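In my numbering, the protein residues as written are 2 to 840.
The structure under discussion appears below in the form of structure tokens.
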Amino acid sequence: MEKICVAVRVRPPVSQDASVATYWNVEDNRISLHRPHGTPISGASYAFDHVFDETCSNAQVYELLTRDLIHAAVKGFNGTAFAYGQTSSGKTFTMNGSANDPGIIHRAVEDIFEKIQAMSDREFLIRVSYMEIYNEEINDLLSLENQKLQIHESLERGIFVAGLKEEIVNNAEQVLHLKESGEVNRHFGETNMNVRSSRSHTIFRMVIESRGKDTNSSNGYSGSDAVRVSVLNLVDLAGSERIAKTGAGGVRLKEGKYINKSLMVLGNVINKLSDGAKQRGHIPYRDSKLTRILQSALGGNAKTSIICTLAPEEVHIEETKGTLQFASRAKRITNCAQVNEILTDAALLKRQKLEIEELRNKLQGSHAEVLEQEILKLRNEMLKYELEREKLEMQLEEERRSHKERDQCIREQQMKIENLSSLVTFSDCDRNSSQEHDSRRESPKEEGIDSTIKCQGDIFETPCFKGAPNNFVVKRSNYSNPPDFSPLPDSFSDVADEDTWFKMNKGYVPDLDSLQMTPARKVQSFPPSDVTLTPVPSNEDYKQELENLKRQLEVLTEEKNELQRKHTEQILLNDQLMGEVSELKHEAKIIQEIPERLHESVASCKDIYEDVMSTMQSFASNGESSTAKLLSGTSEIGRTLFSTLETHFAMVMNHKPVHANDSVSQEQYKELSESLKSTVTSLVLSEKPMENKQEYTWDGETAGWMEKSSNGLNSIKEKYHDLEKGLDKNNKLLEVSKERYGSLEREFKLLKEERDSLLRTVSESSQQLALLTDQKENVLKDLSTEVQRRKRLEEEIKQFSVAFASRQRILVSIENEFQSTIEKMRAQNPVSLPKSLGS
Ligand code: ADP
Ligand code: MG
């Protein structure tokens with residue numbers, strides 16, 4: 002663990018103003034604000050690793066602050082040096098320098114090559130890149146085509162800028178020449194360079210790979226496969242100033258307005274890191290491109306130096322104080338740098354080992370210098386080829402990822418459709434028969450769809466062109482264990498307000514909203530490819546919903562079946578009851594007709610009786626008065642009997658029940674019996690005086706008639722009694738039938754109600770079924786659009802494969818060209834090679 006090295010450098014004042022009220026005094030490694038007469042102002046004194054006053058040169062700054070860092074980078078440690086301070090405080094002067102006093106970058110580059118020369122036991126490969134972060138966009142300063150580059154992270158390379166051009170270099174001049182060309186690109190298209198330079202960060206990056214040489218071995222390499230890879234960042238940051246708004250009462254700092262998001266986040270990161278390991282919590286590296294690129298330099302696996310430049314003028318006091326506070330906080334940060342050793346093919350040096358060796362062996366001759374140039378060219382071409390391949394791989398990876406997502410989406414859709422169609426099939430089959438259901442579920446049509454999907458699934462699998470590295474051993478420290486969310490920014494007092502920027506940028510208004518803290522973000526675990534990219538249209542929820550629907554449908558279908566069964570049963574019962582009711586009605590009708598028929602027969606009996614009586618009376622009028630009296634008595638009895646019968650039948654026919662204890666009938670009975678009694682008494686009294694003369698008064702014929710009449714009367718009486726009994730019986734039967742009829746009618750009413758409710762339920766069920774059928778149709782429509790989409794996707798993949806194949810062919814041809822050039826060179830320089838290195 003080691004602290005970040007922090008130095009402060011005071012720029013020479015622009016003009017010597019005698020009327021200054023305060024000044025910055027530098028003493029050893031301390032800087033403090035003094036009054037003109039020499040007394041220090043309390044609370045404005047700061048100590049650092051180094052404090053350079055205005056007389057210090059870039060050479061001294063490099064010597065004291067950066068040299069060790071550069072030497073460590075050559076040895077395999079990551080290193081970062083950056084200049085921080087307000088605009089015009091001397092950052093660019095410190096990093097780039099002047100013709101007379103070259104800056105840190107220039108000196109570092111020369112120092113590195115000197116060091117390499119001195120380290121004869123190691124083989125080096127150095128790559129250079131140069132980028133700019135402007136308005137949170139990364140642009141390649143070595144290649145104008147590469148704009149708005151993205152930051153990626155991989156197991157092999159750690160955090161890197163994808164697509165950034167890297168150039169392999171052999172000497173310091175090449176590096177400085179590249180940097181020059183980068184500066185030219187930086188000027189391109191920008192009218193006001195001051196504005197741009199104070200708003201953009203430039204990162205000059207060198208990747209230094211090295212491996213030990215073994216002078217004893219045949220090919221010049223040691224037995225160890227380890228390659229050291231270190232990254233050196235030399236950063237010129239954007240202006241950190243915040244020019245305060247002038248209020249009525251004087252200068253007032255306006256908090257909360259940040260111009261440069263990267264610097265704001267850098268301040269925030271530094272604040273967090275300076276809190277100490279325990280309190281620091283989440284470090285918001287991901288909140289800006291700058292902090293993400295410099296992640297390892299800030300509290301990670303790197304040696305870091307910060308030079309904070311100050312403008313000594315009194316007018317800049319607040320900004321200077323802000324810069325000094327930043328520097329003080331940065332001083333508290335500890336890093337843990339270690340040598341990065343790689344055993345895999347990730348090291349470019351290792352990948353190019355054989356080729357380099359072959360070419361190097363050929364360099365033993367007078368054409369060495371020319372050939373050295375040629376080799377460099379070839380190596381750069383190789384690098385270009387590799388970068389191109391990397392880019393393609395990245396594109397492929399992206400494509401693969403998006404295919405995976407699409408495939409997943411299709412699968413989900415398919416599952417949805419399958420579930421729904423099985424549901425619908427189930428309901429369909431339920432309507433028909435279970436046998437039909439089984440056969441439909443395993444229908445060849447569905448099998449066909451299934452196999453098509455499987456087949457398409459295979460098509461969507463993008464072939465893997467490169468296996469994952471398996472024996473990666475690069476040592477990268479991993480200190481930060483970030484929690485879930487970015488905290489709110491701490492106050493950071495070195496950024497300019499928007500009005501000033503508006504003026505300085507000639508009307509350009511930065512999007513301040515976009516400079517706010519990034520929203521709370523879940524930290525992704527490494528590697529990122531393992532992370533599911535789609536938020537979930539929740540498949541589980543959908544499945545659950547489908548399951549519920551299925552269950553509902555099952556319950557409904559069961560209910561419907563049960564109701565249908567009940568309905569059929571009830572209809573049968575209903576029919577049976579209706580049959581019984583009609584039978585009873587028929588019976589009742591017959592019973593109702595009985596009194597009528599009896600009435601008719603009584604009427605005919607009465608007619609016959611009256612005929613008989615009139616005939617008898619005509620006979621009797623010629624004979625004895627007693628006979629006539631008897632006849633009239635008998636006729637009276639008969640009339641009374643018949644009239645009683647008629648009344649009874651009339652009552653029965655008017656549906657009035659006839660009971661023995663009924664008061665009307667009782668009276669009639671009374672009357673009847675009295676009249677019969679009186680008639681019989683009168684007849685007996687009239688017969689007594691003539692008792693002795695009976696033989697003389699009545700002849701034989703009359704006696705016969707009398708006997709016949711009394712027999713007829715008796716039979717009529719008997720018949721009447723029989724009829725009365727029958728009537729009584731029929732009345733009882735009628736009562737029972739009526740009761741039964743009433744209960745049947747009630748039952749029928751209930752059944753009718755039940756049937757109505759059943760019909761309602763059945764209609765509801767049919768509506769639900771219709772709804773499901775609609776859903777099924779929609780799903781089928783979805784399926785067909787999905788199938789269309791998949792077809793389109795297939796087409797796209799085919800096109801992509803064709804394009805990829807053509808690109809591969811181009812790359813292969815480049816490789817072939819390269820091979821043939823090597824061959825040519827071999828032919829030009831026929832040097833005897835060891836067999837192991839021969840083609
Ligand atoms: P910045 O990059 O911080 O905006 P510059 O490096 O462009 O500032 O410096 C502004 C001016 O001050 C330049 O003209 C530069 O030459 C000059 N300057 C800065 N620092 C020094 C120094 N230590 N010695 C001499 N001149 C300096
Ligand atoms: Mg500058």
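By construction, the Cβ of each residue, glycine as well, lies at the ideal position given by its N, Cα and C atoms.
From a predicted model like this one, the values you see are computed outputs, not experimental measurements.
| Check | Outcome |
| --- | --- |
| Proximity to Glu-315 [Cα-Cα], best of Val-780, Ser-633, Val-15 | Val-15 |
| Nearest neighbour of Tyr-24, chosen from Arg-31, Pro-13, Arg-36, Asn-30 [CA to CA] | Arg-36 |
| Where Leu-299 falls: helix, strand or coil (DSSP) | coil |
| Pairwise C-alpha distance: Ile-343 and Phe-78 | 13 Å |
| Contiguous alpha helix (DSSP H) assignments of at least 4 residues, all confined to the segment 550-578 | none |
| Limits of the beta strand (DSSP E) - the one that Val-228 falls within | 228-237 |
| Heavy atom of ligand 2 within 7 Å of Lys-262 beta-carbon | no |
| Close Cβ partners of Lys-671 (< 8 Å) along its chain, the five nearest in sequence each way excluded | none |
| Val-237: CB within 7 Å of a non-hydrogen atom of ligand 2 | According to the sequence as given, residue 237 is Asp; it is not Val. Yes, ligand 2 has a heavy atom inside 7 Å of this Cβ. |
| Residue range of the alpha helix (DSSP H) that includes His-107 | 105-119 |
| Sub-8 Å separation of Ile-294 and Ala-331 beta-carbons | no |
| Reduced DSSP category for Leu-156 - H, G, I as helix; E, B as strand; rest coil | coil |
| Host alpha helix (DSSP H) of Met-265 (start-end) | 262-275 |
| His-72 to Asp-112 span [Cα, whole Å] | 8 Å |
| Collapsed DSSP secondary structure at Ser-46 in the structure displayed | strand |
| Contact between the segment 262-270 and the segment 24-34 (3+ Cβ pairs under 8 Å) | no |
| 8 Å Cβ shell around Lys-166 - same chain, five flanking residues per side excluded | Ser-130, Asp-141, Leu-143, Ser-144, Asn-147, Leu-388 |
| Backbone secondary structure at Gln-148 - three-state DSSP | coil |
| beta-carbon Lys-92 near ligand 2 non-hydrogen atom, thresh 7 Å | yes |
| Where Glu-167 falls: helix, strand or coil (DSSP) | coil |
| Chain-order list of residues whose beta-carbon lies under 6 Å from that of Ser-46 (same chain, five-residue window excluded) | Ser-33 |
| Three-way DSSP call (helix, strand, coil) for Leu-34 in this model | strand |
| Coarse secondary structure for Ser-633, derived from DSSP in three states | helix |
| Cβ neighbours of Cys-6 in the same chain (closer than 6 Å, five flanking residues each side left out) | Asp-50, Ser-306 |
| Alpha carbon of Asn-788 to alpha carbon of Phe-749, nearest angstrom | Inspection of the sequence shows that residue 788 is occupied by Val rather than by Asn. Cα to Cα, the separation comes out at about 57 Å. |
| Span of the beta strand (DSSP E) around Lys-76 | Where Lys-76 is concerned, there is no enclosing beta strand (DSSP E), given that its DSSP letter is neither H nor E. |
| Proximity test, Ser-198 beta-carbon vs ligand 2 heavy atom, cut-off 7 Å | yes |
| Buried or exposed by the 16-neighbour rule on C-beta atoms within 10 Å, applied to Ala-8 | buried |
| For Lys-180, the nearest candidate out of Val-110, Ala-163, Gly-159, Glu-138 (CA to CA) | Val-110 |
| Test item: CB-CB of Val-62 and Thr-95 under 8 Å | yes |
| As assigned by DSSP and simplified to three states, the class of Asn-712 | helix |
| Buried/exposed call for Lys-561, threshold 16 Cβ in 10 Å | buried |
| Sheet register partners of Pro-41 (DSSP bridge) | His-35 |
| Cβ-based burial, Asn-302 [other Cβ within 10 Å; buried from 16] | buried |
| Cα-Cα separation, Gly-183 to Val-232 | 19 Å |
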